[in-house]
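Written out below as structure tokens is the structure these notes cover.
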Amino acid sequence: MMTVQRASLLGAPGIRARKGQGQPLVMVTAYDAPTARAAAAGGVDVILVGDSLGMVVLGFEDTLHVTIEDMVRHTGAVARSQPPQLVVADLPWASYHSGPREAVNNAVRLVRAGAGAVKLEGGTKRLKVIRAVLDAEIPVMGHIGLTPQSFHAMGGHRVQGRSPAEAKLLVEDAIAISDAGCFALVIEGVPDALAAEVTRAVPVPTFGIGAGRSCDGQVLVFHDIVGLGGPRAPRFVRRYAQLETLASEAVTTWASDVRAGRFPAAGESYAH
Ligand code: KIV
């Protein structure tokens, strides 16, 4: 039987040390206690309280509506289920964009809620913020490529780095933020060959989402994997269960039991 290394039990430095160790790293999102319990029991290396919370759980069209209060609340819910894995929490849009002081204050709130590291989007232009958060002894995961918090500026959720000039900038961004001290990077929505080039260029693990097979690890949204993500899924998603169907079947069966007088039974009631 293959031994699965649980380097995440060591926290951010343990994840950083997995670069080049062969076995791909696995990160999945979670937003509350039940999803965190399932993710933890599934044996992932890292749990990400992503700001995809906005779409997946809160019903918004994008991540821009997610506030730091939302992230603190959901990070706490994940952490209170006490997963052994490293919990990384997203700094949401507009919680670090006005500068280092705001970024540190908000990163501290996420750590106090239970995160062991924070993730923030952007390359070279976020260096000051990344350095300040690292200076406060909080590990930072970077996120480059298709950065959903910039979707207005990018003109939509588009695959990034398709032109040679864009690709060059992306590699430079990855090197700059990993040199600054990010312990790992998410690469989202870029062509496979570019993700491979970035992965070779940086000394820290890369987690790909819609970025092909060559990253050091993969990350997906919990609800997409288990079939709770709605009818449309991006092409990089693979569904491993159909929980929405199972859940609605369970509710339908219970409703018909109630209507037919089969629920509750005597054993489901209190005699005194
Ligand atoms: O918010 C999120 O879920 C993310 C992942 C898609 C990487 O940032």
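Count along the sequence shown from 1, add 75, and you get the number used in this note's numbering.
Where is the CB? At the ideal position from N, CA and C, for every residue including glycine.
From a predicted model like this one, the values you see are computed outputs, not experimental measurements.
**Request:** Report yes if the C-beta of residue 283 is less than 7 angstroms from at least one heavy atom of the ligand KIV; otherwise report no.
**Result:** On the sequence shown, residue 283 is found 208 positions in, with the first residue counted as 1. No, Cβ of residue 283 sits at least 7 angstroms from all heavy atoms of the ligand KIV.
**Message:** Tell me which residues share the same chain as residue 190 and place their Cβ nearer than 6 angstroms to its Cβ, disregarding the 5 neighbours each side in the sequence.
**Reply:** Counting from 1 along the sequence shown, the entry for residue 190 is found at position 115. Excluding sequence neighbours, residue 190 sits near 150, 162 and 164.
**Asked** Under 8 angstroms, do residue 305 and residue 320 count as touching if we go by C-beta distance?
**Response** Along the sequence shown, read from residue 1 onward, the residue named residue 305 stands at position 230. Along the sequence shown, read from residue 1 onward, the residue named residue 320 stands at position 245. Contact: no.
**Prompt:** Which one or two residues does DSSP pair with residue 245 in a beta bridge?
**Reply:** Here residue 245 refers to the residue found at position 170 when the sequence shown is read from its first residue. DSSP lists no partner for residue 245.
**Request:** Would you kindly report the start and end of the unbroken alpha helix (DSSP H) that includes residue 282?
**Result:** As a working mapping, residue 282 is identified with position 207 in the sequence shown. First-last for residue 282: 281-284, but that is the beta strand (DSSP E), not the alpha helix (DSSP H).
**Message:** Measuring straight from C-alpha to C-alpha, what distance separates residue 117 and residue 344?
**Reply:** In the sequence shown, residue 117 corresponds to position 42, counting from 1. In the sequence shown, residue 344 corresponds to position 269, counting from 1. Cα to Cα, residue 117 sits roughly 35 angstroms from residue 344.
**Message:** For the alpha helix (DSSP H) containing residue 149, name the first residue and the last one.
**Reply:** Residue 149 sits at position 74 when you count from the first residue of the sequence shown. Per DSSP, residue 149 belongs to the alpha helix (DSSP H) from 143-155.
**Message:** Does the beta-carbon of residue 261, which I'm using as the reference point, lie nearer than 7 angstroms to any heavy atom of the ligand KIV?
**Reply:** Position 186 of the sequence shown holds residue 261. Checking every heavy atom of the ligand KIV against the Cβ of residue 261, one is found closer than 7 angstroms.
**Request:** Using the Cα positions of residue 96 and residue 283, report the straight-line distance between them to the nearest angstrom.
**Result:** As a first step, residue 96 is located in the sequence shown; it is residue number 21 there, counting from the start. As a first step, residue 283 is located in the sequence shown; it is residue number 208 there, counting from the start. Rounded to the nearest angstrom, the two C-alpha atoms are 17 angstroms apart.
**Prompt:** Of the choices 288, 333 and 325, whose alpha-carbon is the least far from that of residue 311?
**Reply:** Here residue 311 refers to the residue found at position 236 when the sequence shown is read from its first residue. Looking at the Cα atoms, 288 is the closest of the given residues.
**Asked** Where do the ends of the beta strand (DSSP E) carrying residue 186 lie?
**Response** As a working note, residue 186 is residue 111 in the sequence shown. That residue, residue 186, is in no beta strand (DSSP E); its alpha helix (DSSP H) goes 175-188.
**Message:** What would DSSP say about residue 129, mapped onto helix, strand or coil?
**Reply:** The residue labelled residue 129 in the question sits at position 54 within the sequence shown. Looking at residue 129 - three-state DSSP - the assignment turns out to be helix.
**Item:** residue 232 - containing beta strand (DSSP E), residue span
**Value:** Your numbering for residue 232 matches position 157 in the sequence shown. Neither: residue 232 is in no beta strand (DSSP E) and is coded neither H nor E.
**Asked** By how many angstroms is the C-alpha of residue 323 removed from the C-alpha of residue 272?
**Response** Translated into the one-based positions of the sequence shown, residue 272 becomes position 197. Translated into the one-based positions of the sequence shown, residue 323 becomes position 248. C-alpha separation (whole angstroms): 44 angstroms.
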